[in-house]
Ligand SMILES: [Zn+2]
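Residue numbers (the working numbering): 47 to 528.
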């Protein structure tokens with residue numbers, strides 16, 4: 047919704063966006079010959095064979111949770127998963143006895159930016175804190191979905207691949223594909239459809255596989271960007287406003303971000319190519335999610351195989367009185383940023399955000415209706431600002447998807463295998479099955495009966511086990527700075 051997203055983006059738009067040098071913190075400064083994974087202080091398990099015994103498995107397919115399972119990891123892959131009573135654990139395996147724990151696939155975060163904006167330090171790439179935070183929270187693959195600096199993202203991705211730093215697998219995005227009158231100073235503003243083609247062509251040739259079109263783009267520019275991306279075998283998603291969902295679907299877009307509250311086609315008086323300003327925060331009160339207009343949009347998306355990315359945690363910034371306090375947030379934020387966020391949060395607790403809560407409920411209903419109609423729903427955290435930071439935002443999404451009416455198993459599926467399907471890597475990651483890459487998240491607790499994934503105790507990426515406490519401690523006071 048404009049007022050939700052304006053609310054958060056206003057924070058970004060009003061800050062001083064002065065550039066500054068990255069110095070030695072960038073990935074380029076890392077030596078290619080630095081320590082491999084095994085010597086990283088963040089690695090707790092690097093044996094070739096590991097058995098996770100007596101765990102409950104939610105496998106990412108949407109199937110019901112299975113109690114008392116044993117998952118065997120071998121050489122970075124899942125070798126087997128089955129009942130502990132009949133499981134064969136190879137000799138020499140590192141055996142972890144984990145009753146009371148749930149194992150889910152590594153989260154595939156589809157809207158997981160590499161930057162954070164605050165009024166304290168501006169919008170900055172979080173090249174140090176975010177990769178570790180994502181990993182610590184169980185996010186093993188991200189698509190950055192709108193980049194502040196694609197070269198930085200490519201360098202971080204390469205450093206993670208080399209093992210010189212730790213983090214998730216990064217699907218890098220191009221710079222925002224934005225039209226005129228951007229409220230964000232670090233975005234290029236397209237001048238024409240040809241300009242859109244030029245931008246997409248350059249970054250496609252640099253190897254960027256996804257682009258995100260943004261709020262002010264015109265239909266002609268978006269159509270050109272999609273066509274040019276597809277010519278190069280690349281894909282396009284969008285956070286729309288000036289263009290409606292059905293118009294973008296008709297152009298062949300591959301994915302749509304955020305959902306109902308960024309689809310302006312239901313707004314009264316919407317003009318073509320113009321991002322409307324919300325006149326009335328109660329405008330969603332009378333929108334019927336089961337009515338013919340919304341049904342037509344959903345049917346179009348489903349029949350054209352356009353996936354949708356749920357970002358409930360960032361929408362919740364629009365109705366902040368309902369956000370539960372996450373004390374981990376203030377530990378991760380840089381002290382000055384924490385002060386600002388705390389003041390915002392404390393004030394927000396007394397805010398009358400009834401209309402925004404109604405809209406938020408409609409956004410949840412829209413996602414439910416989309417899935418019911420056969421749509422492919424994935425999720426991402428949009429860790430842009432305020433209380434929305436890497437990893438913890440994804441964990442909040444899980445709770446919100448449950449609140450939206452999905453079962454814990456469905457919520458896991460949305461956050462794992464559905465994201466992998468959107469990215470075209472579903473044959474390799476996203477579910478717990480033999481032969482898949484061993485990207486696994488161990489959560490303390492029975493996630494199926496108490497739907498929370500905040501208590502992550504161990505994260506495996508490609509069979510390497512990462513120490514959640516060490517990762518989390520190492521980024522204390524960093525978010526907002528680096
Ligand atoms: Zn975003």
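All C-beta atoms, glycine included, are put in the ideal place defined by N, C-alpha and C.
**Study point:** Straight-line Cα distance separating residue 273 from residue 443
**Key:** Rounded to the nearest angstrom, the gap between the Cα atoms of residue 443 and residue 273 is 32 Å.
Check your understanding: For residue 410, which three-state DSSP category applies?
Key -> If DSSP states are grouped into helix, strand and coil, residue 410 belongs with the helices.
Check your understanding: Below 8 Å between beta carbons: does that hold for residue 288 and residue 319?
Key -> Here residue 288 is near residue 319, since their CB atoms are less than 8 Å apart.
Check your understanding: Hey, would you say the C-beta of residue 481 is under 7 Å away from at least one heavy atom of ligand 1?
Key -> With a cutoff of 7 Å, residue 481 does not count as near ligand 1, since its C-beta is closer than that to no heavy atom of the ligand.
**Study point:** Given 8 Å, three or more beta-carbon pairs between the segment 478-494 and the segment 169-182
**Key:** no
**Study point:** Rounded distance between the beta-carbons of residue 116 and residue 96, thought under 8 Å
**Key:** Not quite, the Cβ-Cβ distance comes to about 11 Å (not below 8 Å), so this is no contact.
Point to revise | Span of the alpha helix (DSSP H) around residue 381 | key: 381-394
Practice item. Look at the alpha carbon of residue 104 and the alpha carbon of residue 112, and state the distance between them as a whole number of angstroms. Key: 7 Å
**Study point:** According to DSSP, residues forming a beta bridge with residue 301
**Key:** 353
Check your understanding: When the Cα atoms are used, what is the spatial distance from residue 358 to residue 304?
Key -> 8 Å
Practice item. Examine ligand 1 and report whether any of its heavy atoms sits within less than 7 Å of the Cβ of residue 191. Key: Because some heavy atom of ligand 1 lies under 7 Å away, the Cβ of residue 191 counts as near it: yes.
Check your understanding: According to DSSP, is residue 153 helix, strand or coil?
Key -> strand
Practice item. For residue 365, I'd like the list of residues in its chain whose CB is within less than 6 Å of its CB, leaving aside the five on either flank, ordered along the chain. Key: Excluding positions up to five away in sequence, the list reads 399, 402, 403, 406.
Practice item. Kindly indicate the opening and closing residues of the beta strand (DSSP E) around residue 142. Key: 140-143
Check your understanding: So, residue 347 versus residue 421, is the Cβ gap smaller than 8 Å?
Key -> yes
Exercise for review: For my contact list, residue 308 and residue 191 are in at a C-beta cut-off of 8 Å; report their separation, rounded to the angstrom.
Suggested key: Contact doesn't hold; Cβ gap of about 13 Å is too wide.
Review point. Going by Cα to Cα distance, which pick from 411, 210, 247 is closest to residue 331?
Key: 411
Review point. Could you give the distance in angstroms between the alpha-carbon of residue 440 and the alpha-carbon of residue 314?
Key: 33 Å
Check your understanding: Nearest-angstrom Cα distance between residue 378 and residue 317?
Key -> Here the alpha carbon of residue 378 sits roughly 42 Å from the alpha carbon of residue 317.
Exercise for review: Give the single residue among 99, 232, 355 whose Cα lies nearest to the Cα of residue 300.
Suggested key: For the residues 99, 232, 355, the minimum Cα distance to residue 300 belongs to 355.
Practice item. Quick one: grab the DSSP three-state call for residue 424. Key: strand
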